[in-house]
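Position 223 of the sequence shown, counted from 1, bears residue number 212 in the numbering used here, the numbering being contiguous throughout.
Beta carbons: idealized from backbone N, C-alpha and C, even for Gly.
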Amino acid sequence: MSGINVTTRELPAHLAGWQLPNDWSWGSTGVTGEFRHAQEVVDALGRSLALVTAPNPDHYAWLAAEARQLAHRSHPSVPTTYHYWSVARETRRGPGYLRRWIEGETIAARVARLGPNEVPYVVQVLRAAGSALAYIHDSGGVHGALSPQTVWVTPTRRLWLLGWQWAVPREAIPAGLAPDRRWTPAPPESSDGRWMPDVRSDQWQLAAVCFMLLTGELPPAQDVPPVRWVRPECPQGLATVLDRALLAAPDSRFASVGALLRTLERVSAPPRSGQALGDVEDGSGAPEGSEQRLRWALGDDYEVLSPLGTGTFGSVWRVRDLSLEREVALKMLHPRVARDDAAVSRFRREAQLAAQLAHPAIVPVYDWDRRGDVAWYTMELAEGGSVADLIARSGPRPIAEIAPQVDLVLDGLSAAHGSGIVHRDLKPENILIDRYRRWRMSDFGIAYIPGETPGGPTGTPAFAAPEQLLGEQQGSSVDCFAIAAIVAFVLSGRPPFGDGDARAILARQLAGGLDLDEFHEALEPWLRRGLAITPESRFADAAAMQRAWRATVKTVSRAERRAGWWRRLVFGAPAPGAGRSAPAVVARGT
C-alpha cells in the first residue's frame, strides 16, 4: 500500500474487525502514509492517541521493528512508542503501536498554504530538525526519508519528525522497498536510483527541506543554485550553511549535522558585549526589543523557544520552564503598555480570573510575575493552536466533530457566568485547542466581574453582539452571541455577519442580514436564537444554551442517520461525509 498523508474519515478495512479496550473509541480522523496508517483513537481518559498499523500483513515484522526503535527514543521531536499491541485473537486487535496524536501540518502543506516562509522560522526548523537528526546519528542510526512530507509542525511551532519506518535497520525493511521519490528529495549520490542513506544524505535532505521553506520549491538533485540567488534577502550566514549542506559531493558537506548546527550558531549569532547588537538600555536595565527584553527578565527560569503571536497589548511566546522541564505559553505585555500601572493591574487581573475559574474548558494559568517594565504570566501551552488556526489550516468542520467541544466550552462558560464573570471577547482566536483536541477559553482581558459596570465598545466586531458594538450595557448573553457566531464560523468558514469594519457589521446585524440556508435545518433555530439582535431574545445564559445545544445535536444526528439509511436504500450510496475524503497532501494530524 502506498500513498502519502491522505486523510481518511472512515475506518480502513484492515481495522474494521479490531476490538478496542473498554471505554476506548475510534477518533474521527485517520492518515494513510507510506505503508502505514495512523488512526486516531481516544483512550479511557479522553486523550487522542495515534494507533499506527501496517495495512499489509507482510509488513508486520517491519512495523514491530519501527515500534521497538521508537520505544527507545527520547527526544522532543521524536514521537515515542507508548504501547505495542501484538496480534491477539481473543481481543481481535493487533499488531499496532500507540504514540501521541500530532495535530498540525507538514512542511509541504505549510508552504502550499503560506508560500515561502520567513527566515527566522526557517532557522527554527533547521535547529529543531537538525537536533533530532544529530540525536539519531549519535545513537548510530539514520533517518533516510527526511522530506517536506515527513516533517510536521504544530500550530505552536513545535516540530515532529515522522517517517520512522525507514529509520529501522535495513534488514527489517522488506526487499525492494524504499522511500518514494515523488515526495522524498534524493541527494545527488542517489542519482543512480539506489537508496543508501547515511548521515551525509540526511544532512542534504535537511537542507533541502529548508531550501523549500525559503523558496517554495525543492532544490534540484544536481547543480543546486546558491540560496541567495533564489532568496536574496536570506542572511549570508544561513545561506552559507545551506549551500554547503547541499553540495553534490558528500565529503564536501559538514562532517556531521552537529557540526552544521554549531556553524549555524556561530555565523548567525549577533556580536555581543554584554547585550545583543542594536539593543539599547532604557534606564531599567532591560534591553530594548521584545525577545531580548523577555530573555533578560526571565533569567534562568525559562528558555525562550519561539514567538506564537502578537496583538495590540502584548505578545505570546512558547517557552520552556527549566525548573519543571515542561513547555508553557507565556503572555507578555508590550513594553510601552507595561509602563502603565493601570494596564499592568488589568493584565494581572486577567491572569487571576483565569486562575480562579478552574475548569477543563479554561486554559490553566500557572504563574504571574513582573521584572522592571516586563510583566508576564504563564499558562498551559495549547499545542493545537486556536480554532482560528484550525479553520485556516483545515477548512470548515462537520458538526459531529465539533459537538462535544462546543458542549465543553459552554460548560466552562456556564461556570464563569455562575460566578458572575462575563468574558466579552470570545472569538476563534481565543478558543485554544490542547493536545487532546479539547477546546479551551483564554484571554479574559476585558472580562467583567460582579461589582463592575460593564459598558463601552468591547469585543471583536465579527463575533460581538450589537450592544457591544454600540457600547451599551452588556450581560452574559453577549457571550452566548459570540458562541453562536463561532459555531457558524467553524461550520461554514465565515463569520455570520461578515468581517472587517465594525459599522458595516453592525448595520448587517440591525438589518437582520442573517442567512442560515447553508446550515442543517435542525441547527437553524439554535443559531437564530443565539444570534438574535436583542439580548432578551437570546439564551439567558450559557447553561440554557448548553441544554439547547445538546438537544439540537441529537436532532441533527438522528436526521443524518435517517438520511443516510434512506440514501443507501434508494441509491445504494453512502451518506454525505461518509467514506474517504479526497486525497490530500496533508492531514490535520497524525
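Residue range 354 to 360 is occupied by the beta strand (DSSP E) that includes TYR355, with no alpha helix (DSSP H) assigned at that position. Secondary structure within the region 1 to 77: the beta strand (DSSP E) runs of 3 or more consecutive residues, fully enclosed, are 14 to 21, 26 to 31, 37 to 42, 72 to 74 (chain order). Straight-line spacing of the CA atoms in ASP232 and PRO208 works out to 11 angstroms.
Under DSSP, MET430 shares a beta bridge with ILE351, ILE420. For GLU280, the enclosing alpha helix (DSSP H) covers residues 279 to 287. ASP468 carries a helical assignment under DSSP once its states are collapsed to helix, strand and coil. Its chain contains MET368, GLU369 as the residues whose beta carbon lies nearer than 7 angstroms to that of PRO353, once the 5 sequence neighbours on both sides are disregarded; these appear in chain order. The beta carbon of ARG360 is closer than 6 angstroms to those of ALA286 in its chain, skipping five residues each way along the sequence. With a cut-off of 8 angstroms on Cβ pairs, the region 316 to 328 is in contact with the region 281 to 301, counting three or more such pairs. A distance below 7 angstroms between beta-carbons, with the five flanking residues on each side excluded, links ALA121 to the following residues of its chain, in chain order: HIS64, SER66, VAL67, LEU150.
Per DSSP, the unbroken alpha helix (DSSP H) holding ASP400 starts and ends at 388 to 407. Per DSSP, THR229 is one residue of the alpha helix (DSSP H) stretching across 225 to 234.
In the three-state scheme derived from DSSP, where H, G and I count as helix and E and B as strand, TYR124 is classed as helix. DSSP, reduced to helix, strand and coil, places PRO163 outside both helices and strands of the structure shown, so it counts as coil. Cβ contact annotation for HIS509 (same chain, cutoff 6 angstroms, sequence separation greater than five): VAL545, in chain order. In this structure, the straight-line span from the alpha carbon of THR95 to that of SER383 is close to 12 angstroms. In the displayed model, GLU254 falls within a helix according to three-state DSSP. As computed with DSSP, PRO296 is found in a beta bridge with TRP306. DSSP places VAL100 in the uninterrupted alpha helix (DSSP H) bounded by 96 to 103. Put simply, of ARG325, VAL76, ARG78 the residue whose alpha carbon is nearest the alpha carbon of ASP362 is ARG325. For GLY83, no alpha helix (DSSP H) segment is defined, and its DSSP state is neither H nor E. When DSSP reads this structure, LYS320 sits in a beta bridge with VAL305, TYR366.
A contact between stretches requires three or more CB pairs, one per stretch, nearer than 8 angstroms, and the region 195 to 208 meets this requirement with the region 102 to 111.
Proximity of the region 530 to 543 to the region 391 to 408 meets the contact definition, three or more beta-carbon pairs being nearer than 8 angstroms. Your pair SER481 and VAL411 does not check out as a contact, with CB atoms roughly 26 angstroms apart and the cut at 8 angstroms. A direct Cα-Cα distance of roughly 45 angstroms separates GLN28 from GLN463. If you look at VAL140, you'll find it in the beta strand (DSSP E) that goes 140 to 142. ARG88 carries a strand assignment under DSSP once its states are collapsed to helix, strand and coil. Judged by DSSP secondary structure, LEU150 falls within the beta strand (DSSP E) whose first and last residues are 148 to 150. A buried status is given to ASN419, since no fewer than 16 other beta-carbon atoms sit within 10 Å of its beta-carbon.
The Cβ atoms of ASP432 and GLU372 do not sit closer than 8 angstroms to each other. Segment contact: the region 468 to 477 against the region 449 to 458, three or more CB-CB distances shorter than 8 angstroms; contact assigned. Around the beta carbon of ARG426, 16 or more other beta carbons lie within 10 angstroms, which makes this residue buried.
For THR(-4), the enclosing beta strand (DSSP E) covers residues -5 to -3. Relative to CYS223, the option among ALA210, SER241, THR204, ALA237 whose CA is nearest is THR204.
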